[in-house]
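Protein chains in written order, with our numbering: chain G, 2 to 115; chain R, 546 to 658.
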Amino acid sequence: AQTVTQSQPEMSVQEAETVTLSCTYDTSESDYYLFWYKQPPSRQMILVIRQEAYKQQNATENRFSVNFQKAAKSFSLKISDSQLGDAAMYFCAYRRRGGNQFYFGTGTSLTVIP
Amino acid sequence: EAQVTQNPRYLITVTGKKLTVTCSQNMNHEYMSWYRQDPGLGLRQIYYSMNVEVTDKGDVPEGYKVSRKEKRNFPLILESPSPNQTSLYFCASSSQRRNTEAFFGQGTRLTVV
């Protein structure tokens with residue numbers, strides 16, 4: 002079974018600074034999707050960014066970007082110019098291409114310090 | 546608006562009193578699933594359904610039941626809730642064909658006393 006590991010239960014960042022959240026995964030598949038979800042205090046699960054494994058280019062969405070290292074099975078999220086509204090729990094997730102099940106990490110709680 | 550609607554958002558109940566959490570999606574997704582979220586454990590899958598009348602156990606199915614009689618609805622049933630089922634529950638749906646992300650409901654905070 003696939004596993005997703007987030008080794009940082011908690012992180013903090015100063016407002017306007019940059020922070021990187023780590024995620025590693027274990028799979029024998031070559032084609033899959035990786036996701037970062039944000040869960041603010043409202044509890045809603047919000048998709049932040051998605052990466053397709055067959056694409057070498059790292060995905061970017063405004064201030065959010067990923068560093069996808071396929072050989073190392075690493076998928077980190079970089080948040081630039083951190084804002085107070087970025088404070089949330091962040092989950093990394095994996096889905097095999099053609100598969101239905103999603104596998105989630107245990108989450109990283111991000112605090113943004115004013 | 547594409548969405549997954551989950552109700553109720555908050556529920557306090559007593560041990561042994563049957564309850565149902567409803568979930569409905571309007572995106573014609575084939576795949577639906579239920580997760581529970583507990584501190585330090587992330588999201589763990591309870592049950593999933595690949596289509597109407599097709600359901601299967603996830604990683605933590607004990608104490609739960611589901612049904613999928615219509616494509617849009619996937620209720621979660623706790624026939625005899627116990628305090629260890631106190632948790633935050635999420636319903637999610639996704640398209641099997643398009644390999645998209647999972648879309649989540651608003652979550653249900655369940656407390657069993």
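Note that beta-carbon positions come from the ideal geometry of N, C-alpha and C, so glycine has one too. The model shown is predicted, which means the values in this text are computed figures rather than measured ones.
Closer than 7 Å at the beta carbon, the chain R residues around residue i
i	result
G108 (chain G)	G587
F76 (chain G)	Those do not exist, as F76 (chain G) stays about 14 Å from chain R at its closest Cβ, beyond 7 Å.
F69 (chain G)	Near F69 (chain G) there are no residues of chain R at all, since even the closest Cβ is about 16 Å away, more than 7 Å.
L48 (chain G)	E646
C-beta atoms of residue i and residue j nearer than 8 Å
i	j	result
V559 (chain R)	T653 (chain R)	no
S75 (chain G)	T21 (chain G)	no
F65 (chain G)	I47 (chain G)	no
F635 (chain R)	Q582 (chain R)	yes
V611 (chain R)	Y592 (chain R)	yes
K563 (chain R)	E624 (chain R)	yes
Q40 (chain G)	A89 (chain G)	yes
F92 (chain G)	G603 (chain R)	no
I557 (chain R)	T656 (chain R)	yes
A637 (chain R)	S578 (chain R)	yes
Distance between residue j and residue i (C-alpha atoms, nearest Å)
i	j	result
H574 (chain R)	I114 (chain G)	40 Å
Q45 (chain G)	G650 (chain R)	7 Å
S43 (chain G)	L85 (chain G)	15 Å
Q13 (chain G)	L111 (chain G)	Looking at the sequence provided, one finds Ser at residue 13 (chain G) rather than Gln. Those two C-alpha atoms are separated by around 5 Å.
Q551 (chain R)	C568 (chain R)	4 Å
Y55 (chain G)	E11 (chain G)	30 Å
E30 (chain G)	T6 (chain G)	17 Å
E62 (chain G)	G561 (chain R)	46 Å
S81 (chain G)	Q15 (chain G)	11 Å
N598 (chain R)	R613 (chain R)	In the sequence as presented, Asn is not what sits at residue 598 (chain R); that position holds Glu. Distance between the alpha carbons of E598 (chain R) and R613 (chain R): 5 Å.
L500 (chain R)	R589 (chain R)	The displayed coordinates of chain R run from 546 to 658. Any statement about residue 500 (chain R) would go beyond what the structure contains.
F104 (chain G)	V658 (chain R)	The sequence shown places Tyr at residue 104 (chain G), not Phe. The straight-line gap from Cα to Cα measures roughly 30 Å.
Chain-ordered neighbours of residue i on chain R, where CB pairs are closer than 9 Å
i	result
F36 (chain G)	E646 and A647
Contact set between residue i and chain G, taken where Cβ atoms lie within less than 8 Å
i	result
Q641 (chain R)	N101
M595 (chain R)	N101
Under 8 Å by beta carbon: chain R residues contacting residue i
i	result
Q45 (chain G)	F649, Q651 and G652
F92 (chain G)	G587 and L588
Partner residues on chain G for residue i, Cβ-Cβ distance less than 9 Å
i	result
Q527 (chain R)	Any property of residue 527 (chain R) remains undetermined from this structure, which presents chain R solely from 546 to 658.
Pull out every residue of the segment 616-641 of chain R whose Cβ sits closer than 9 Å to any Cβ of chain G, in chain order. Of all residues in the segment 616-641 of chain R, the ones placed with a Cβ closer than 9 Å to any Cβ belonging to chain G are L633, F635, A637, S639 and Q641, in chain order.
At least three beta-carbon pairs within less than 8 Å, the segment 25-36 of chain G to the segment 91-106 of chain G: yes
How do the segment 570-589 of chain R and the segment 601-620 of chain R stand: do at least 3 beta-carbon pairs fall below 8 Å, yes or no? yes
For the segment 556-577 of chain R, enumerate the residues whose C-beta is nearer than 7 Å to any C-beta of chain G, in chain order. Y576
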